[in-house]
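When we follow this note's numbering, the leftmost residue of the sequence shown carries the number -2, and every step to the right adds one.
Take a look at the structure below.
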Amino acid sequence: MSFGFLPNIGLPEIFLILVLALIIFGPGKLPEVGKALGKSIKEFKGAVKEPDTGEVKKN
């Protein structure tokens, strides 16, 4: 698996990140963190897709 912003990340690295997140946040808090992260990514993608309405037109 390869991500555009992280070209050298593989399955072992993803597993390590998940284990560290489990240690840091604990099993009870991890679903909440994942949900908040997913919501943030969705909002960011929506903001990137929307046209900039604050743009000033030049004559």
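Glycine residues also receive a C-beta, built at the ideal position from the N, C-alpha and C atoms.
Predicted model, so just to flag it, every value in this text is computed and none were measured.
Within the continuous alpha helix (DSSP H) that includes residue i, where are the two ends?
i     : result
Gly35 : Leu8 to Lys46
Residue i and residue j look like a contact to me (Cβ under 8 Å); what is the Cβ gap, rounded to whole Å?
i     : j     : result
Val16 : Phe22 : Val16 to Phe22, Cβ: 11 Å. No contact.
Is the beta carbon of residue j closer than 8 Å to that of residue i?
i     : j     : result
Ala33 : Leu27 : no
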